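K.L.:
Numbering (this note's numbering), first residue to last: 53 to 115.
Idealized CB from N, CA, C, for every residue including glycine.
What you are looking at is a predicted structure, and each value in this text was computed from that prediction instead of being measured.
Before anything else, here's the structure in question.
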Amino acid sequence: MPRSTAQTAALLASPDDTEAQFYEALQHADLDHLMALWADDEEVACVHPGGPRIVGLPAIRAA
53 MPRSTAQTAA
63 LLASPDDTEA
73 QFYEALQHAD
83 LDHLMALWAD
93 DEEVACVHPG
103 GPRIVGLPAI
113 RAA
């Protein structure tokens with residue numbers, strides 16, 4: 053589901069706020085909140101420690 057500009061601005065108020073929301077989402081196993089923190093871009097990438105580069109929101113969500 054696409055985010056509104058207001059939702060994106062709230063998520064990205066500062067890097068510290070975004071980091072805090074990331075760990076809060078992990079702590080509560082809230083996958084939807086966690087995924088909302090990622091950029092809405094098909095080229096977004098994630099690298100888990102010791103793992104391969106994962107590209108795209110569907111692949112990141114599945115990881």
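Provide the residue span of the beta strand (DSSP E) that contains Ala88, from first to last.
P.N.:
Along the sequence shown, one-based indexing puts residue 88 at 36. Careful: Ala88 lies outside any beta strand (DSSP E), inside the alpha helix (DSSP H) at 83 to 88.
K.L.:
In whole angstroms, give me the CA-to-CA distance for Gly102 and Ala65.
P.N.:
As a working mapping, residue 102 is identified with position 50 in the sequence shown. As a working mapping, residue 65 is identified with position 13 in the sequence shown. In a straight line, the C-alpha of Gly102 is about 30 Å away from that of Ala65.
K.L.:
Could you compute how far the alpha carbon of Asp93 sits from the alpha carbon of Ile112?
P.N.:
In the sequence shown, the residue the question calls residue 93 occupies position 41. In the sequence shown, the residue the question calls residue 112 occupies position 60. Their Cα atoms are separated by approximately 12 Å.
K.L.:
Going by DSSP, what residue range makes up the beta strand (DSSP E) through Ala97?
P.N.:
Working through the sequence shown from its first residue, we reach residue 97 at position 45. Looking at the DSSP string, the run of the beta strand (DSSP E) that includes Ala97 is 97 to 99.
K.L.:
Are there 16 or more other CB atoms within 10 angstroms of the CB of Gln73, so buried, or fewer, so exposed?
P.N.:
Sequence index remark: in the sequence shown, residue 73 carries index 21 (1-based). Per the 10 Å Cβ criterion, buried.
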